[in-house]
Amino acid sequence: MPEIQVPLTLVPEESSTQANMSGAASHETRSQPNGNPKGSDTIRRTRHFDPNFTQHVIDTIGPKTLPRMRKVMASLIQHIHDFARENEVTVDEWMAGVEFINEAGRMSKDIRNEGQIVCGVIGLESLVDEITYKLVSEADSAPTATAILGPFWRADAPRRDMGATIVHNIPDGEHTFVQGIVKDYLTGEPIEGAELDVWHAAPNGLYEQQDENQVEHNLRGRFTTGKDGRYSFYCLRPTSYPIPDDGPAGKLLRLLDRYPARPAHIHFIVSAPKYKPIVTQIFDRRDKHLANDSVFAVKDSLIVDFLPREGDPKAQFELAYDFRLATFEETKKFSLVGPIEEKASQSTADGNGSRNEQALNMIGAKE
Numbered sequence: 001m002p003e004i005q006v007p008l009t010l011v012p013e014e015s016s017t018q019a020n021m022s023g024a025a026s027h028e029t030r031s032q033p034n035g036n037p038k039g040s041d042t043i044r045r046t047r048h049f050d051p052n053f054t055q056h057v058i059d060t061i062g063p064k065t066l067p068r069m070r071k072v073m074a075s076l077i078q079h080i081h082d083f084a085r086e087n088e089v090t091v092d093e094w095m096a097g098v099e100f101i102n103e104a105g106r107m108s109k110d111i112r113n114e115g116q117i118v119c120g121v122i123g124l125e126s127l128v129d130e131i132t133y134k135l136v137s138e139a140d141s142a143p144t145a146t147a148i149l150g151p152f153w154r155a156d157a158p159r160r161d162m163g164a165t166i167v168h169n170i171p172d173g174e175h176t177f178v179q180g181i182v183k184d185y186l187t188g189e190p191i192e193g194a195e196l197d198v199w200h201a202a203p204n205g206l207y208e209q210q211d212e213n214q215v216e217h218n219l220r221g222r223f224t225t226g227k228d229g230r231y232s233f234y235c236l237r238p239t240s241y242p243i244p245d246d247g248p249a250g251k252l253l254r255l256l257d258r259y260p261a262r263p264a265h266i267h268f269i270v271s272a273p274k275y276k277p278i279v280t281q282i283f284d285r286r287d288k289h290l291a292n293d294s295v296f297a298v299k300d301s302l303i304v305d306f307l308p309r310e311g312d313p314k315a316q317f318e319l320a321y322d323f324r325l326a327t328f329e330e331t332k333k334f335s336l337v338g339p340i341e342e343k344a345s346q347s348t349a350d351g352n353g354s355r356n357e358q359a360l361n362m363i364g365a366k367e
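With UniProt numbering, the residue at position 75 of the sequence shown is 75, and numbering never jumps.
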């Protein structure tokens, strides 16, 4: 779209001051329906936008709208209108923003969620994660901290036997044995039947759905705990990588003079009947990008040490990490938990519903 040039003919300073004092343009210069000021071809130095416009838009929300939808949309309209007025967004700038969103939509597909990547680089996904999973507790042992889901999770990861490897056809890489206990954060008791959905990138920085040279479901797996709450599996010591930067998210990072680095990490979704699932990541302490994660997901309690492993021909490193879950009942006292999550968790226990439905519900991504 060609740049729009708007000539400005300024009114005398006295008139501008009077308008400032009154908080609105005078009757003589108020805009008429055709967009031209009555009795004047001038545009004031200090802009006075229609003070009733935003509320009118909000008031058009109909009476059958759900309360939560009404609250969220009214707030969104108010904030985005205020943003436009505060920054005096022009038509060209608005259209550039629309095209940015459209381009992210065009790039998104089953193996890439560009919209989610964009939300990540502006910190929105990490902020929403904090809001959703915040649990205020004075207990000595708090639930495991959460981190963002990221755009490369798959709902159909295969179930694997406890102690199995998720590494296939990757000869290089630092093989690692990961083990721990899933436990109740208050009692410390092990949780039977907890599921750990695990995934991470290959040494080349690509997840399997990005890389045609990897076998399907490589570096992914789901493991279910027994009575002792213990889990174990073999994976690779993760490596850092750049997020995909060939789309709108990458353009935004370059405009902000930022690098698309993600520190080395392993993803987990840990869930169990009657417990609120957690979506999290654990990060390698040695990684140089911990302080400048492009999606702001690193938390101190999620930084871990990979230690040398002796006497195991299948792994050079080991990691011990326990996950602590809070029950839905306990979580309701402090944070956001909805019937959708609780129902989804029960569906997992009962074996009802598709895996896709269960997982999306549990992480709050689908109503």
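Glycine is no exception: its CB is placed at the ideal position from the N, C-alpha and C atoms.
The structure presented is a predicted model; accordingly, all values stated were derived computationally and were not measured.
query                                                                                                                                  : result
Beta-bridge partners of Thr-176, as assigned by DSSP                                                                                   : Cys-235, Phe-317
Of the listed residues Lys-299, Pro-244, Gly-180, Ala-249, nearest to Phe-323 (C-alpha basis)                                          : Gly-180
Alpha helix (DSSP H) runs wholly inside the UniProt domain "Catechol dioxygenase N-terminal" (67-134), at least 4 long, in chain order : 67-87, 91-107, 114-121, 124-133
Closest by C-alpha distance to Glu-189, when choosing among Lys-333, Thr-327, Asp-300                                                  : Thr-327
Own chain residues within Cβ distance below 8 Å of Asp-293, not counting five before or after                                          : Ala-261, Arg-262, Pro-263
Three or more C-beta pairs below 8 Å linking the region 207-227 and the region 302-312                                                 : no
Inter-residue spacing [alpha-carbon to alpha-carbon] between Asp-92 and Thr-146                                                        : 39 Å
Under the three-state DSSP convention, the category Leu-302 falls into                                                                 : helix
Sequence-distant residues of the same chain with beta carbon closer than 6 Å to residue 393, five excluded per side                    : Any question about residue 393 goes unanswered here, given that the chain covers just 1 to 367.
Per DSSP, the bridge partner or partners of Leu-307                                                                                    : Glu-318
Boundaries (first-last residue) of the beta strand (DSSP E) holding Pro-203                                                            : Pro-203 -> no beta strand (DSSP E), and no H or E assigned at all.
Residues of its chain near Lys-299, where Cβ-Cβ distance is below 7 Å and the 5 sequence neighbours each way are ignored               : Ala-145, Ala-147
Bridge partners - Val-182, DSSP secondary structure assignment                                                                         : Phe-323
Distance between beta carbons of Pro-203 and Asp-172, contact taken as under 8 Å                                                       : 6 Å
Meets three-Cβ-pair contact criterion under 8 Å: the region 229-237 and the region 249-258                                             : no
Where Pro-248 falls: helix, strand or coil (DSSP)                                                                                      : helix
Glu-99 versus Gly-250 - alpha carbon distance                                                                                          : 15 Å
Identity of the residue in Lys-183, Phe-49, Ile-77 nearest Asp-59 by Cα                                                                : Ile-77
Ala-272 in three-state terms, based on DSSP                                                                                            : strand
From Arg-220, Ser-108, Trp-94, residue whose alpha carbon lies closest to that of Met-268                                              : The sequence given here places Phe at residue 268; Met does not occur at that position. Closest option to Phe-268, Cα to Cα, is Arg-220.
Limits of the unbroken alpha helix (DSSP H) element including Thr-331                                                                  : 328-332
Reference Ala-96; option with closest CA among Asp-129, Pro-67, Pro-248, Gly-163                                                       : Pro-248
Whole-angstrom distance between Arg-70 and Ala-84, CA atom to CA atom                                                                  : 21 Å
Contact the region 112-121 vs the region 270-287: 3+ CB pairs below 8 Å                                                                : no
Contact belief for Asp-197 with Ala-157 at Cβ below 8 Å, rounded distance in angstroms                                                 : 6 Å
Buried/exposed call for Gly-105, threshold 16 Cβ in 10 Å                                                                               : exposed
Chain C contact for Pro-248 (CB, 8 Å cutoff)                                                                                           : This model lacks chain C altogether, as it is built from one protein chain only.
Cβ pair Ser-240, His-175 closer than 8 Å                                                                                               : no
Proximity to Arg-47 [Cα-Cα], best of Thr-54, Asn-87, Ser-75                                                                            : Asn-87
Reference His-214, options Asn-52, Ile-166, Glu-192, closest by Cα                                                                     : The residue you asked about is not His; residue 214 is Gln in the sequence shown. Among Asn-52, Ile-166, Glu-192, the Cα nearest to that of Gln-214 is on Ile-166.
Sequence-distant residues of its chain with Cβ nearer than 6 Å to Tyr-275 (five each side left out)                                    : Leu-325, Thr-327
Delimiting residues of the beta strand (DSSP E) encompassing Thr-144                                                                   : Note, Thr-144: premise wrong, no beta strand (DSSP E); not H, not E.
Gly-62 burial status per 10 Å Cβ neighbour count (16 or more: buried)                                                                  : exposed
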